[in-house]
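So for the sequence shown, the numbering used here puts the first residue at 19; every next one is plus one.
We treat Cβ as the ideally placed atom computed from N, Cα and C, and that holds for glycine.
For reference, the structure discussed in these notes is given below.
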Amino acid sequence: MSAATEVRRARRGDLPAIVEIEEATFSEAWTPETFASGLERDDMAVLVATEGEVVAGYAVVVIGDGEAELANLAVSTARRGRGIGEALLEGALEVLRDRGASCAYLAVRASNERAARLYRRHGFREIGTHAGYYARPREDALVLALDL
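In structure tokens, the structure reads:
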């Protein structure tokens, strides 16, 4: 991670960059409205990693009764491999702990070995799979969990 990388809560002005990263990363992209609503909801937190004034990545967590989901995490293609995803994951886990979550879950494409390695380095363990979870292209999801 660059010394100039900061992880913070997202603001409305970050939405265009978040959506651009989302659309470049995922074949089934979230809508701008989904991200905008996340800024307003008490049960969600949207974080961004910035390098200077540039949004380099984002993470979204959904918090329930003691449980939480890392619902989305992505880093700009041009900025991958710099530790930004790790910084976002650490920031997201800090938010979850601060909000009293005792465990966190996530789903990741079975073919996304790089992301799965990141999650496992932070203590996530595989607890199952969702067959055909992703539609484009059709692919299974690994379900990972972490006790906080």
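- Assignment of E46 by DSSP, reduced to helix, strand and coil, places it in the coil class.
- DSSP lists L162 as the beta-bridge partner residues of E144.
- Secondary structure of E112 (DSSP, three-state): helix.
- In the DSSP assignment, E87 falls within the beta strand (DSSP E) that extends over E85 to V93.
- I145 counts as exposed, since fewer than 16 other beta carbons sit within 10 angstroms of its beta carbon.
- Excluding residues up to 5 positions away in sequence, L162 lie with their Cβ nearer than 6 Å to the Cβ of Y137 in the same chain.
- When the beta-carbon positions are compared, V126 and A63 stay at least 8 Å from each other.
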